[in-house]
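In the numbering used here, the protein residues as written are 645 to 795.
All remarks here apply to the structure that follows.
Here it is, written out as structure tokens:
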């Protein structure tokens with residue numbers, strides 16, 4: 645079963661179980677996928693394409709969490725945390741911090757990149773090309789900076 649079908653099945657299950665948060669969250673993702681398909685005039689069949697949309701939704705919610713916390717909207721913070729948890733269930737497991745550091749060092753060694761901040765662009769470009777779907781971009785950026793600064 646593909647991710648699109650899984651989302652539809654989970655939507656139906658959430659309706660049957662009267663789980664409003666899950667139903668609304670899954671429906672929102674399905675709407676985002678449909679909007680992308682309409683805008684681009686394509687039909688998404690690959691799970692990797694759908695994962696990109698789900699990651700974007702997770703990032704939007706994660707970014708909004710800080711704003712809600714600053715504004716004292718604890719009700720919204722809790723709601724968004726639940727939505728993020730639901731969405732992350734559809735994403736493949738990401739690499740850990742140590743795995744990312746090891747991979748960045750391996751990529752730098754393979755390319756002959758020395759630990760100097762002037763190599764940031766080159767190493768970041770190559771690291772993201774290899775780790776795009778396996779790791780968060782900010783975690784890769786942090787690992788690259790640590791490697792180049794010699795920490």
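Glycine is no exception: its CB is placed at the ideal position from the N, C-alpha and C atoms.
Predicted, not measured: the structure shown is a model, and the values here were computed from it.
In the displayed model, residue 734 falls within coil according to three-state DSSP, outside both helix and strand. For the pair residue 775 and residue 784, the CB atoms are nearer than the 7 Å cut-off. The beta carbon of residue 691 sits closer than 7 Å to the beta carbons of 646 and 647 from its chain, once the five residues preceding and following it are set aside; these are given in chain order.
Taking all protein chains shown into account, residue 679 has fewer than 16 neighbouring C-beta atoms within 10 Å of its C-beta and is therefore exposed. By the CB criterion at 7 Å, residue 727 and residue 705 fall inside the cutoff. DSSP, reduced to helix, strand and coil, places residue 777 outside both helices and strands of the structure shown, so it counts as coil. If only complete runs of 4 or more residues are kept, the region 645-697 shows the alpha helix (DSSP H) at 647-660 and 664-684, in order along the chain. In its chain, beyond the 5 residues on either side, 757 and 792 have a beta carbon closer than 7 Å to the beta carbon of residue 763. When 754, 752, 720 and 742 are compared, the shortest CA-CA separation from residue 779 is found for 742.
Classified as buried, residue 701 has 16 or more neighbouring CB atoms from the shown chains inside 10 Å of its CB. Only exposed fits residue 732, as fewer than 16 other CB atoms lie within 10 angstroms of its CB.
Nearest Cα to residue 723 within the set 660, 664, 650 and 684: 664.
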